[in-house]
Structures are given as C-alpha cells and as structure tokens.
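The structure under discussion appears below in the form of structure tokens.
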Amino acid sequence: MPWNDMGMARESLSLMASFFAVASTFYFWLVRANRERAKLVACTVTGLRGTMLMAMEDTATYRRVAPGENEIVLKYWLNLAIVNNSSLPNALLGIKVWVKFTDGRWHAMDVASADPEADLFPQNIDPLTTAGMKLALATKCEGSIGGGFRERECAAGDALPELVPVRVELEALQGQTFVSEWLDEGRLLLRTTEQPGLAAA
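In my numbering, the protein residues as written are 2 to 202.
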C-alpha cells in the first residue's frame, strides 16, 4: 500500500506540474496578446483655442465648410498626442473630430493640419510611443460676420459651453477605429464676459 500511495502522489504531483505549466503558458500568452493588441489613444495637449474665420484668411477651409447666407465659420486649433499603447507599430490613416456646442448639438468638424504645408496622414507610430498632431478644426453656425480680433475670438469661445465635450475617432490599419472622449476646460478660449488676458492666465 505505501508504494501505491507514493505512486499516486507522484502522479498527482506530475499532473499538478503539468497543469501549472499549461496555466503559466496560457497566462503569458494572454499577457503577450494583450500587449500586442492595437491600442491608439488621443489625448489633448494644449486645449482648444479659436476664432471666427474670415474668408480671405483661409479660403480652402472656408470653401470646404461652405457657410450659408446667415452663417459664420468658426475655426479652432487643437494639439493632440496620439499614444500607441501596443508593443507593435501601427499607422494612423484618418481622424474624425466632434465638438459639442452650446446649442447642445455635436458638430462634425472639418479637420485639417494646422500647418498648411504638412500632411496629416499616413502617420506611422512606433510601439509604446507617442506622436504629436496639430489640428485645425472648423464648422459653421448661425451668426453675423464682424468685429475685431478679440470680438471674433470671443465669438468662437461663446459658441462653446464652459466645459467642452470633445470626441475623437482614430482610423488605423485593417479598418480599426479607436474613440477617445474628454472635457476641454476651455482655458485658452476667450469669452465676452472675460476681461482681456484672463483666458491666458
């Protein structure tokens, strides 16, 4: 009987060791698969700032937005950091941006590079690194054109709520999309209720 007990004990230990080896392999496979899974995240760097756009200042954007008779074009700038949380490289092929205005509607923004000489896409992003992206956003809304530089900046700020909901959709390889959302605190936006220089403080 003692020999039988020892044999059963050896078999049990062998089974436990085999189970532990399989479980460990499966765990490390899951960890590796999770690290290699595509994960792109958009994060704001500087926050929104904006102005009412005059046609002669940016004719290309003005034509794309195509405001109506009683509409104005509002243009905003937004600096993003695109974070690749995967251990594999990825490529950014497109981006969509929505901003929620004081009228309660999400506006699908016209998106372009803040630098007219630079192309936004495609942009290769190395594993576990961050890439910068400077965007120029534009949309149309009801209003009348007029005012100086400060008044036009206030028009852009007044069109947005105190905390500005922003939604960004990143388009990557193989049709993958990644959505990031946050509330912009509007620190760089001018408002008609503010004194000059307050927004920059």
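For glycine and all other residues, C-beta sits at the position ideal for the given N, C-alpha and C.
The structure displayed is predicted, hence computed values, not measured ones.
Reference Leu81; option with closest CA among Gly48, Ser88, Asp111, Glu70: Gly48
So, Leu89 versus Pro123, is the Cβ gap smaller than 7 Å? no
Buried or exposed, going by whether 16 or more other CB atoms sit within 10 Å of the CB of Met57? exposed
Cutting at 7 Å between CB atoms, please list the residues of its own chain near Ala115, excluding the five before and the five after it. Trp78, Lys135, Leu136, Ala137
Helix, strand or coil at Asp185 [DSSP, three-state]: strand
Just curious, the alpha helix (DSSP H) that Ala192 is in, first and last residue? Per the sequence shown, the amino acid found at residue 192 is Arg instead of Ala. Taken as a continuous stretch (DSSP letters only), Arg192 belongs to no alpha helix (DSSP H), as it is neither H nor E.
Does the stretch 149-164 touch the stretch 99-109, meaning 3 or more C-beta pairs lie closer than 8 Å? yes
Just the Cα atoms here: how many angstroms apart are Leu75 and Thr140? 6 Å
Between Arg188 and Thr178, what straight-line distance do the alpha-carbon atoms span, to the nearest angstrom? 29 Å
Under 7 Å Cβ to Cβ from Arg186, same chain only, skipping five residues before and after it: list those, please. Residue identity check: residue 186 is Glu in the sequence provided, not Arg. Closer than 7 Å at Cβ, skipping near neighbours: Gly48, Leu164.
Take His108 and list the residues in its own chain whose beta-carbon comes closer than 8 Å to its own, dropping the five residues that flank it on each side. Trp99, Val100, Lys101, Phe102, Thr140, Cys142
DSSP state of Asp159, grouped into three classes? helix
Rounded to whole angstroms, what is the Cα-Cα separation between Met61 and Ala156? What sits at residue 61 in the sequence shown is Ala, not Met. Their backbone Cα atoms lie some 21 Å apart in a straight line.
Select from Leu121, Arg192, Asn85, Val42 the residue whose C-alpha is nearest the C-alpha of Leu94. Leu121
In the structure shown, what three-state DSSP assignment does Val84 receive? strand
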